[in-house]
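Below is one structure; the comments refer to it alone.
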Amino acid sequence: MGLRVSRRLWMSVAVVSAALSLVPAVEAWAQNKPLPQVVKKNGKAALMVDGAPYLILGAQANNSSNYVAQLPKVWPAIKDIQANTLEIPVAWEQIEPKEGQFDFAYVDELVKQARQNHVRLVLLWFGTWKNTSPNYTPDWVKLDNKRFPRITKKDGTMSYCLSPMERATLEADKKAFVALMTHLKKIDGDQHTVIMIQPENESGTYGSVRDYSPKAEKVFNGPVPQALLKKKGISKGGTWSEVFGKHADEYFHAWHIASYINEIAAAGRAVYDLPMYVNAALREPLIEVGPETYSSGGPTHNVIDIYQAAAPAIDIIAPDIYKRDSANYEAVLSLYSKFENPLFVPETGSDTEFARYIFSVFGRGGIGFSPFGIDYTGYTNYPLGGKDMSPEGLKPFREKYALFAPVMRDWAKIAYENPVWGVSEADDRKPQKIDLGGKWTLDVLYGEWQFGLTEWTWLGKIDPVPGREKPNGGVVVAQLSEDEFLVTGVHARLNFGLGPKNKGKTLIFRSVEQGHFENGQWVVDFVWNGDQTDYGLNLTGQPAVLKVKLATY
69 MGLRVSRRLW MSVAVVSAAL SLVPAVEAWA QNKPLPQVVK KNGKAALMVD
119 GAPYLILGAQ ANNSSNYVAQ LPKVWPAIKD IQANTLEIPV AWEQIEPKEG
169 QFDFAYVDEL VKQARQNHVR LVLLWFGTWK NTSPNYTPDW VKLDNKRFPR
219 ITKKDGTMSY CLSPMERATL EADKKAFVAL MTHLKKIDGD QHTVIMIQPE
269 NESGTYGSVR DYSPKAEKVF NGPVPQALLK KKGISKGGTW SEVFGKHADE
319 YFHAWHIASY INEIAAAGRA VYDLPMYVNA ALREPLIEVG PETYSSGGPT
369 HNVIDIYQAA APAIDIIAPD IYKRDSANYE AVLSLYSKFE NPLFVPETGS
419 DTEFARYIFS VFGRGGIGFS PFGIDYTGYT NYPLGGKDMS PEGLKPFREK
469 YALFAPVMRD WAKIAYENPV WGVSEADDRK PQKIDLGGKW TLDVLYGEWQ
519 FGLTEWTWLG KIDPVPGREK PNGGVVVAQL SEDEFLVTGV HARLNFGLGP
569 KNKGKTLIFR SVEQGHFENG QWVVDFVWNG DQTDYGLNLT GQPAVLKVKL
619 ATY
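Laid out in structure tokens, this is it:
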């Protein structure tokens, strides 16, 4: 969702590579490559970095880690989790403490240290809205309510939130953001350490569905913009209330916040055209709730299409997911995969059970995944996230990232060009079935040892598989050809089966190879057979990439 300008793509010819070392791959990026961009084709999306698909194995630092003094506590955690991308804030108050006087010392040092640590950056612009509030605006903004008015609530009282209807606020934010983008182009325009930007953060308003100031009321009683009517497929116009009825207040607020962000993003991209996304504080995905219970006007799932219509300079509408349970998490992923919206999870919980969802994200063709609060500053956002921010606490994420780190370019390419599937172990821990296109199926089981069956009673009591206190398994599958699949995952048993197109036949493994790619050529490390295949393909916590060739007789 954004400035989907067609650019020439320079695609890697490698299909997939897989190194089995737990040491993360260090990617050296060359200068003068094409600008990063989000591209779309046949309902799929890819983040292109240096001309090739890139998979964000992300980690977002805590909000107050955006200072040079804190950075030494950030990089070790990024290394320990095996992330290739750091998401970190740049605050408006930080770069423009006095109006018109800019200080980019932190940005310069951040980019320098990211290169030293071989990590890409996604910068989070904390401007008019950060978690809907103006706390990251400079004093000269947040303390001047006359020049930069806050929202007026329906009862006439003042909200904490800055109004999207105010031109002075928009122009001031835009000026600072353009200055940031201009500086980034100057210091990073040839290396692309910074690969994406998030303008604003979790926009919207709590406690008021919209702005009810006289200025807002006048616009509200005017016509709905044609661009929105077209997006909604509505032929007859009218006022917001006439067109949208009970949803009018929320849709009005969403349109104006999205338009506000779009103008800032477009101005920044005119200077330095990096991809941009907005992130959402979620609306309940499985139950119907009113806008007074969440951040009204923010990019919640019910207004994704409004954001797309109002903000063409934004590439992705992205969910921040802190729902621990599998039903809610999977529902959010489905909702944010609609409207041809590229899937990206820029924030998720840092606790153990969140790590498994990487398989659901990448199995849907997602471009990235990033737990929040990943640094060793001593702050944790438990109970939203995890209690333990230590190498041991990061282990569940490190285990999953170790699968993808050596092959992240190749998985990103394959997911863009081929059918992919993925499942995360559900809370009920029951088996899951994947339809692999009609010819083949895949049953995914959890809690099995590598050998035998749990229902074998003749062995007596069987100990439970260790490390399985919480759901932590999952797999992703990519189809390389009609009968050939690439598979990786952890803590799962895979049983391939026959789909309806193979009715009446018997399945046999033609081969199961564990290996990696070198210069586009598959290199077999060894072949699985006998005990390793008689009881399904059992993926443990050790990194393994399999090429599975199926046949019938």
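The sequence shown begins at 69 in this note's numbering and counts up by one.
Think of the CB as a built atom: it goes at the ideal place given N, C-alpha and C, for glycine as much as any other residue.
Judged by DSSP secondary structure, Thr196 falls outside any alpha helix (DSSP H) and instead within the beta strand (DSSP E) spanning 188 to 198.
Within the model, the alpha-carbon separation for Leu103 versus Phe422 is close to 32 Å.
Per the C-alpha coordinates, the member of Glu552, Leu618, Phe437 positioned closest to Leu125 is Phe437. A direct Cα-Cα distance of roughly 53 Å separates Thr522 from His315. Note on geometry: alpha-carbon atoms of Asp511 and Leu504 lie some 10 Å from one another.
Straight across, the Cα-Cα distance linking Ile442 with Ala236 is about 36 Å. Cα atoms of Gln150 and Met226: separation of roughly 45 Å, rounded to the nearest angstrom. Put simply, the region 341 to 356 touches the region 270 to 277. At least three CB pairs are less than 8 Å apart. Taking a 10 Å sphere around the C-beta of Ala619, we find fewer than 16 other C-beta atoms and assign the residue as exposed. The Cβ atoms of Val106 and Asp383 sit closer than 7 Å to each other.
Taking the Cα positions, Ile389 is about 7 Å away from Val413. In the three-state reduction of the DSSP assignment, Met457 falls in the coil class, being assigned neither a helical nor a strand state. Taking a cut-off of 8 Å for Cβ pairs, the region 449 to 460 and the region 419 to 433 touch, as three or more such pairs fall below it.
Cβ neighbours of Ile502 within its own chain (closer than 6 Å, five residues either side excluded): Trp489, Leu510.
Pairwise C-beta distances place the region 180 to 192 in contact with the region 135 to 147, as three or more of them are shorter than 8 Å. Rounded to the nearest angstrom, the gap between the Cα atoms of Asn130 and Tyr328 is 26 Å. Looking at the backbone, the Cα of Val616 and that of Asp478 are separated by about 17 Å. Scanning Gln259, Phe245, Gly567 for the CA closest to the CA of Ile265 turns up Phe245. Ile372 places its beta carbon less than 7 Å from that of Phe407.
The beta carbons of Gly305 and Val292 sit closer together than 7 Å. DSSP places Met233 in no beta strand (DSSP E); its state is neither H nor E.
Thr261 carries a coil assignment under DSSP once its states are collapsed to helix, strand and coil.
Below 8 Å, too few C-beta pairs join the region 530 to 544 and the region 577 to 595 to call them touching: fewer than three. Residue pairing by DSSP places Asp511 opposite Lys501, Asn563 in a beta bridge. Counted as a single uninterrupted DSSP element, the beta strand (DSSP E) harbouring Ala386 occupies residues 384 to 389. CA-to-CA, the gap between Pro282 and Ser231 works out to about 12 Å. In the structure shown, the three-state DSSP call for Thr420 is helix. Nearest neighbour of Tyr450 by Cα position, chosen from Thr416, Gly168, Leu248, Lys481, turns out to be Thr416. Between Asp212 and the set Tyr444, Tyr228, Thr445, Phe553, the nearest pair of CA atoms involves Tyr228. Taking the Cα positions, Ala284 is about 55 Å away from Gly609.
Under a 10 Å Cβ-count criterion, Pro353 is classified as buried, with 16 or more other Cβ atoms of the shown protein chains found around its own Cβ. Annotated three-state conformation of Pro267 is strand, per DSSP.
Rounded to the nearest angstrom, the gap between the Cα atoms of Lys573 and Tyr621 is 6 Å. When Asn486, Thr361, Glu331 are compared, the shortest CA-CA separation from Glu239 is found for Glu331. Contact between the region 185 to 203 and the region 249 to 266 is present: three or more C-beta pairs spanning the two stretches fall below 8 Å. In the structure shown, Asp593 falls within a strand segment according to DSSP collapsed to helix, strand and coil.
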